[in-house]
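In mature numbering (1 follows the signal peptide of the UniProt record, and there is no 0), the protein residues as written are -18 to -1, 1 to 328.
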C-alpha cells in the first residue's frame, strides 16, 4: 500500500465542488456529520480538525452521512483511518451517491449502512486523470485494502476491471451484501498504519481560536446592519478556525435564519446547543425555526428550553403571548401552547 500513498492520486469524480462537512445534532442529541460533494486534497485535514474539535468537547461525531462522487484518495484514507479508529457509523441514504474514494470512507464505518436505492460505485484509480500502468498497480494495492475491510471478492474484482473513466455501480444485492459484511476494526486499523497512513492530528491551535473570536466579533455588527452575506462569510471562516465554538455556531445560525436559509440555520443552531445547552436565546431562535417548518414536537421542547434557560422569565413569557396573538392556529402557536402547558404556565 505504501507506494500508492506516496503519490498524489485521485479518483475520477462526478462533482466539481469541494466537500461540505456540516455537523449538527438531531432531536435525540445524536451528533452527525454530512460529507457532501467532491473530496479535495485538504478535506482530509479539515475533517480531522472538525471531528477532533467535537471529540475533545465531549460530543464525538457518531455518524457520518455520505453523498460524494469521490476525489482525493489521500484525504479519503485520512478520513477512513479516523472513522475506523473511533468506530464511527457511515450511512448512504436513499438517492445519495458514494463512489470512488468515497467508497473507501463508507467501508470503514462501524457499522456501514447503505440504502438499497443509494448509488454505490467503484472503479480503478487514475493518476492525474490518466489510466496508466502505474495507476493500475496502485489499484491492486487498493484491492488489498478492500480485502482488509472485508469487501466481498466480486466487488473488489469489479473495481479492478472498471477503467477510471467509467463507474461500476453496485446492484441492490451487492449493496445489501456490502452492508452485511462488517470488518475486523482492529485488523483494519493495523492495515492502514502498515500501509503508511499516519494518525492524523488536528491543526487547530490557540492562535486559530483567537482568529475565530475576532472574526465572530467582526460579524456581529454586520448581522445587526443586515449585511448578512458578509457576516456569514466571516462566521464560516471562524467556524473553520474553531469548529466547536458554540458562540460562532449560534451567531452563524442566526445569520442564516435572517437570510432565510433555514436548513443551514438549523444545522448551526443544533450544533451550538449541543456544545452549550444553556444558550436560551439560541433555543428561542431554534424553536421559532422548528415550529415554522412543521417540526412541532421538537419545537415544543425547544420553547421549554428557551423559557428554562432564559434569564428574564417575564420577557420569555411575553414573547410566548406575542407569538400566540401574532400567529394564531400556526405551528408556532401550537408549539408555544404545548410548551406553556408543559411548563405549567397555563
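Virtual Cβ for every residue (Gly too), placed ideally from N, Cα, C.
Alpha-carbon spacing of residue i relative to residue j, whole angstroms
i	j	result
residue 237	residue 195	16 Å
residue 314	residue 278	8 Å
residue 142	residue 219	40 Å
residue 284	residue 70	28 Å
residue 85	residue 245	26 Å
residue 208	residue 242	12 Å
residue 182	residue 64	8 Å
residue 321	residue 328	10 Å
residue 145	residue 267	50 Å
residue 323	residue 38	38 Å
residue 257	residue 12	12 Å
residue 4	residue 155	31 Å
residue 199	residue 263	18 Å
residue 82	residue 106	8 Å
Residue environment, residue i, which counts as buried when at least 16 other CB atoms sit within 10 Å
i	result
residue 8	exposed
residue 34	buried
residue 225	buried
residue 235	buried
residue 192	exposed
residue 239	buried
residue 147	exposed
residue 326	exposed
residue 276	exposed
residue 307	exposed
For residue i, the first and last residue of its enclosing beta strand (DSSP E)
i	result
residue 103	101 to 104
residue 13	13 to 18
Residue range of the unbroken alpha helix (DSSP H) whose run includes residue i
i	result
residue 194	188 to 206
residue 144	No alpha helix (DSSP H) contains residue 144, which DSSP labels as neither H nor E.
residue 79	That residue, residue 79, is in no alpha helix (DSSP H); its beta strand (DSSP E) goes 79 to 81.
residue 154	154 to 162
Counterpart residues of residue i in DSSP-defined beta bridges
i	result
residue 71	45
residue 94	72
residue 21	53
residue 6	14
residue -1	20
residue 151	103
TODO: Please specify which runs of the alpha helix (DSSP H), each continuous and at least 4 residues long, are wholly inside the region 217 to 287, giving them in chain order.
DONE: For the region 217 to 287, whole alpha helix (DSSP H) runs of length 4 or above, ordered along the chain, are 228 to 241, 244 to 257, 262 to 274.
inquiry  = Threshold first: 3 residues or longer. Then list the beta strand (DSSP E) segments lying entirely within the region 283 to 328, N to C.
reply    = Segments of the beta strand (DSSP E) lying fully in the region 283 to 328: there are none.
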